[in-house]
Structure formats: C-alpha cells, structure tokens
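Worksheet: the structure to be examined is printed underneath.
2 protein chains.
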Amino acid sequence: MIIDGKKIAEEIVAGLGESLRGRRLGLVVGNADAATESFIKIKSRVAERLGVEVVRGELPYLAKTCDGIIVQLPILNTKELLAQLPPEKDVDALSTRPLVRAPVAEAVSEILSRAGVAAANKKAVVIGAGKLVGAPSAQLLKDLGARVAVITQTHGSLEELKDADIVVLGAGEPGFIKPEMLKPGVVLIDAGTSEAGGKLMGDADPRCSEVASVFTPVPGGVGPIAVVMIFRNLLTLVRRS
Amino acid sequence: MIIDGKKIAEEIVAGLGESLRGRRLGLVVGNADAATESFIKIKSRVAERLGVEVVRGELPYLAKTCDGIIVQLPILNTKELLAQLPPEKDVDALSTRPLVRAPVAEAVSEILSRAGVAAANKKAVVIGAGKLVGAPSAQLLKDLGARVAVITQTHGSLEELKDADIVVLGAGEPGFIKPEMLKPGVVLIDAGTSEAGGKLMGDADPRCSEVASVFTPVPGGVGPIAVVMIFRNLLTLVRRS
Numbered sequence: 043m044i045i046d047g048k049k050i051a052e053e054i055v056a057g058l059g060e061s062l063r064g065r066r067l068g069l070v071v072g073n074a075d076a077a078t079e080s081f082i083k084i085k086s087r088v089a090e091r092l093g094v095e096v097v098r099g100e101l102p103y104l105a106k107t108c109d110g111i112i113v114q115l116p117i118l119n120t121k122e123l124l125a126q127l128p129p130e131k132d133v134d135a136l137s138t139r140p141l142v143r144a145p146v147a148e149a150v151s152e153i154l155s156r157a158g159v160a161a162a163n164k165k166a167v168v169i170g171a172g173k174l175v176g177a178p179s180a181q182l183l184k185d186l187g188a189r190v191a192v193i194t195q196t197h198g199s200l201e202e203l204k205d206a207d208i209v210v211l212g213a214g215e216p217g218f219i220k221p222e223m224l225k226p227g228v229v230l231i232d233a234g235t236s237e238a239g240g241k242l243m244g245d246a247d248p249r250c251s252e253v254a255s256v257f258t259p260v261p262g263g264v265g266p267i268a269v270v271m272i273f274r275n276l277l278t279l280v281r282r283s
Numbered sequence: 043m044i045i046d047g048k049k050i051a052e053e054i055v056a057g058l059g060e061s062l063r064g065r066r067l068g069l070v071v072g073n074a075d076a077a078t079e080s081f082i083k084i085k086s087r088v089a090e091r092l093g094v095e096v097v098r099g100e101l102p103y104l105a106k107t108c109d110g111i112i113v114q115l116p117i118l119n120t121k122e123l124l125a126q127l128p129p130e131k132d133v134d135a136l137s138t139r140p141l142v143r144a145p146v147a148e149a150v151s152e153i154l155s156r157a158g159v160a161a162a163n164k165k166a167v168v169i170g171a172g173k174l175v176g177a178p179s180a181q182l183l184k185d186l187g188a189r190v191a192v193i194t195q196t197h198g199s200l201e202e203l204k205d206a207d208i209v210v211l212g213a214g215e216p217g218f219i220k221p222e223m224l225k226p227g228v229v230l231i232d233a234g235t236s237e238a239g240g241k242l243m244g245d246a247d248p249r250c251s252e253v254a255s256v257f258t259p260v261p262g263g264v265g266p267i268a269v270v271m272i273f274r275n276l277l278t279l280v281r282r283s
C-alpha cells in the first residue's frame, strides 16, 4: 500500500473545519533562507485554509498574543548570524570585516579627542576583550599609538593599572575598579555598564573620579555617545555606497 | 574633568542634522527581554530625532531593504530559545515538557492507524534521533508497545533493519535505504526529507515500495500529514486552555 499523504492531509484539514478560525499562530524564524521560507509557505497555506492568522515576530511577544507558536528551526547562533551581516550595512562593526569602527571605540576616540588626550606612546590598559567594548577599544588605542595591555578574567593582572595613563573599562562588573588601583591623573573611560540593584553602574567605583584627570560617569558618559556613533557610522556607510 | 556624555551626544546628533533623514535602519532582535527592549528604545529615540526609520525583522530581508543593520546581541541559541517557549502554545513539541506529540510522530501514528498496523509487540527500527523526527517517533512506537531500536550514525547497526516489521526513517540521507536491507512486507515510513539535485528525496530508495507492505513516498507521504498535525496540535492546545 502506498500512502497518499496529500489525501490524508486533506481529510484532516476538512475534519478541522472551522474549529480554528480566528486563532493566531506565532512564527519565530531564526534563519530566513530559501529552504526555511519554503517550509513557512507550506504551513502558511494550510493556516490560510483554516482561517488561522500567522504572525511573525519574537518569542516573548508571540507568547503573549498567539494561541500557538512555531519556532522554525534551525536557529542560527550568533556567529552564523553575524557571518550573514553585510559589512556595508554593519553599523556596529560586528561582521567579520567591518568597514567602520565599533560605536564604543568611536565614543572612546571622541572622548580622548575632546579631552585633548594624545594616546601615542602612552600606556593604556583595556579591561575586557569583548566584541562590543574591549576588543575594538584595544584596537583603537593601538591605532592611536598607545602601548596597550588587555586584561581579562583569565589573562593579565590588575597590577597593570598602577602605571596606566589611559584605562578603558569593559568588564561589566559593577564598581570593582577602586581609586587605590589607579595612577593619579589617569584618563578613565568606563564602558562597563551593568545593572546592580536595579540601577546602572559602571565598572569603576564613582570615587575614582577623585583620582582621574578625565572620568566618564555611568550612566551619562560613554553610553549616550556610543549610541549616536551608531548613526555616525550609518552616515559613513551610506556615503561610501 | 568629568565627561558629559549626554552633551557630547547632543552635539553629535546636531551635527548629523538632516543627513540621515529617510534612511532605514534594520534591527535584528534575538532575545526580546526587558534589558534588550530598553537598549532598543534608547537607539530608537535617537533614530526618531534623526528621521531614521527603524525596521525590525530578519536579517536577509533587512539586508535587502535597509541602509544599515543592528544585530541586537545577545542572540539566543536554539536551546535557550526553546526554553522560553510556553508548553501550552508549543504546537511542535519542541519545549522541555511538551503537552502534545511532535507533528511527525502524529503523522506516523495516523499512517499506522489508517493502514491497520498494530505496533504492539512488533519490532520497530527508527533511523535518526533528532528532535523533529527520530526521537518523537521512537517514543510513539514505544508508547504503542513496539520493541524499538534506534539507529544513528554512531549507535546501532543497519543490520537491525533485516527483521524489522516497522521502520521509520529520519536521517535526511537521500535514498540510502535499499530494498535489500529490508524484511519483505515491512511497514516503511519515510520522514527523512532532504534535497538532492534540486528535488525532494526521502531516505528510502523509491524501489523500496516493491518490498514494503505499507510505503510513504517523498514528497507526498509523511510531509503533508505532519504539516496539518501542527494545526491539530493547535486545536488540542486551544481546547485544553
């Protein structure tokens, strides 16, 4: 016996009749390639026949507003997703070969320039090596001619801070940098925003402002500047293209 | 010097002026929690002031239609995303404690029942152990009282097929099951859809239909039934709630 799946499917659809009319089916799509789109089309066609509305969106929203949810597999991981990001549209510099600098690094650059700090031949310490803050800030400081030490939880020592002229913080550990750890007169740029007790905190204890010659508070320091740098990057990319 | 990030940001926004008006900024959101939403709100506010339209969606679409793209990190991986899927809306049975059976397993169940096959005390072999086909089909067959052997690339032997009464295929290897590997009269349910040379193929060589007593072709066998089972699951969940 050769099973006629289409016929059986038809009978089941007929059996469902009007029972699902007006229901909403949420659809989370993590990888919108051609194969995925073709699966979605097949499901959407059945939904239409049954009077079920298909709503594409993000899971928390769909979980609130839909009767059922399809998570269309595969879901790409971060690396796979970023590999699909075209560099000429990548305002955050997250793709493999970005054409602009990360917004936080642009903010650090702006702050140094407005404070009249020349980084060349200075000792700079960057805490953290993440894609958003640490890695691009270290690259910026190298490009500006500083000698750069990068410290992470597993590499380098906080002792390096003792003779650093410029410090960029990107660890996300609220208040763990204390004034005693720093060289007086240091340029301290705190991009380590995290939440502690429901309020935004930087990596630096606010008392660090007493020893620093240049200090960026959290909130109200690096954050707002980094946000607008997204748009300056957008302008750069738009003008290039 | 304490850096006033807000003021610097204001000056940069003023400097951008009208240069970005009418541009479109795509936004890929992989994890719509409160922290993420708050970051998105901050960026959207700046976009609005600059006359930039923010468009949320999936990367391939945004890459075609926007001038710049933000991938709002973190992107959840599959496991993290599925952990957020409420079981009472989970029509595909992908969450940790699903309330319905996976659509493919429902399709297998429907096919067995329509073909008048009683699985109790039969020997069943399931090829593949994936979340969508292999694992839920093996569970179904166990629930129906069959003795079930699961074969994957690293576990079990295809020799098991020789005396299997019921076989469910979910490997995604086009045409690799040949008639010689099967017991004559086998119930052969092929859910192993894959693409080969631009056309849909099952795991079974179509010649298997000559030795099988029940055979599901690809396309037109399990696939269409599994799709409508999504909707039968939706009805089950809607009625429960």
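Protein sequence lines correspond, in order, to chains A and B. Residue 283, in the numbering used here, is where the first sequence stops; the numbers in between run on with no holes. Residue 283, in the numbering used here, is where the second sequence stops; the numbers in between run on with no holes. Glycine residues also receive a C-beta, built at the ideal position from the N, C-alpha and C atoms.
Between the Cα of residue i and the Cα atoms of the options, which residue gives the shortest distance?
i, options, result
"R156 of chain A", "B:D46, B:T120, B:G217 and B:V96", "B:D46"
"G68 of chain A", "A:K48, A:Q114 and A:M43", "A:Q114"
"A188 of chain A", "A:P178, A:D205, A:A162 and A:L211", "A:A162"
"L118 of chain B", "A:L58, A:E100, A:D134 and A:S179", "A:E100"
"I219 of chain B", "B:D207, B:S236 and B:L200", "B:L200"
"L203 of chain B", "B:L276, B:K164, B:S236 and B:K131", "B:K164"
"V242 of chain B", "B:A171, B:R281, B:V256 and B:G214", "The sequence shown places Leu at residue 242 of chain B, not Val. L242 of chain B has its Cα closest to that of B:G214, out of B:A171, B:R281, B:V256 and B:G214."
"T194 of chain B", "B:A177, B:P261, B:R98 and B:P129", "B:A177"
"I82 of chain A", "B:L174, B:V269, B:T258 and B:L276", "B:V269"
"A180 of chain A", "A:P261, A:T196, A:L211 and A:L127", "A:L211"
"P129 of chain A", "B:P129, B:K106 and B:S137", "B:K106"
"V159 of chain A", "A:E79, A:V256, A:K48 and A:P266", "A:V256"
"E52 of chain B", "A:G170, A:P266 and A:L154", "A:P266"
By how many angstroms is the C-alpha of residue j removed from the C-alpha of residue i?
i, j, result
"A89 of chain A", "V70 of chain A", "15 Å"
"S283 of chain B", "L182 of chain A", "55 Å"
"G64 of chain B", "R91 of chain B", "11 Å"
"E122 of chain A", "M271 of chain A", "25 Å"
"A56 of chain A", "R249 of chain B", "32 Å"
"V146 of chain B", "V264 of chain B", "7 Å"
"H197 of chain B", "V94 of chain B", "55 Å"
"L141 of chain B", "V142 of chain A", "48 Å"
"E252 of chain A", "S236 of chain A", "22 Å"
"L286 of chain A", "V175 of chain B", "Only positions 43 to 283 of chain A appear in the structure, and residue 286 of chain A is not among them; the question remains open."
"G72 of chain A", "P116 of chain A", "7 Å"
"K184 of chain A", "N275 of chain A", "20 Å"
"I112 of chain B", "R281 of chain B", "40 Å"
"L127 of chain A", "T120 of chain A", "11 Å"
"L154 of chain B", "P216 of chain B", "23 Å"
"R98 of chain A", "V190 of chain B", "38 Å"
"G170 of chain A", "G170 of chain B", "42 Å"
Report, in whole angstroms, the separation of the C-beta atoms of residue i and residue j, which I expect to be a contact under 8 Å.
i, j, result
"A77 of chain B", "P102 of chain A", "Not quite, the Cβ-Cβ distance comes to about 12 Å (not below 8 Å), so this is no contact."
"I50 of chain A", "E148 of chain B", "11 Å between Cβ atoms; not a contact."
"A144 of chain B", "D134 of chain B", "7 Å"
"L224 of chain A", "V209 of chain A", "7 Å"
"D207 of chain A", "A166 of chain A", "7 Å"
"S61 of chain A", "L277 of chain B", "6 Å"
"I44 of chain A", "P259 of chain B", "6 Å"
"V96 of chain A", "S80 of chain A", "Going by Cβ atoms, the distance from V96 of chain A to S80 of chain A rounds to 15 Å, so no, they are not a contact pair."
If you measure between the beta carbons of residue i and residue j, is that distance less than 8 Å?
i, j, result
"D245 of chain A", "G227 of chain A", "no"
"R66 of chain B", "C108 of chain B", "yes"
"V192 of chain A", "V168 of chain A", "yes"
"D205 of chain A", "P221 of chain A", "no"
"G110 of chain A", "K131 of chain B", "yes"
"I231 of chain A", "V150 of chain A", "yes"
"L104 of chain A", "F273 of chain B", "no"
"K48 of chain A", "G262 of chain B", "yes"
Short-range partners of chain B found in the region 244–274 of chain A, where Cβ spacing is below 7 Å
S251, S255, V256, F257, T258, P259, G262, G263, V264, G265, P266, I267, V269, V270, I272, F273 and R274
Which residues, taken in chain order from the region 148–166 of chain B, show a beta carbon closer than 7 Å to some beta carbon of chain A?
E152, I153, R156 and A157
Beta carbons nearer than 7 Å to chain A: which residues of the region 48–66 of chain B have them?
K48, I50, A51, I54, V55, L58, S61, L62 and R65
Along the region 105–122 of chain A, what residues have a CB closer than 8 Å to any CB found in chain B?
A105, C108, D109, G110, I111, I112, V113, L115, P116, I117, L118, N119 and T120
Residues of the region 124–138 of chain B in Cβ contact with chain A at a cutoff of 7 Å, in chain order, please.
L124, Q126, L127, P128, K131, D132, V133, D134 and L136
Selection of the region 205–239 of chain B by Cβ proximity to chain A, strictly under 7 Å:
none
Near-chain B residues of the region 78–89 of chain A (beta-carbon distance less than 8 Å), N- to C-terminal order
I84, K85, V88 and A89
Contact set between the region 166–188 of chain A and chain B, restricted to residues whose Cβ is under 9 Å from the partner
K173 and L174
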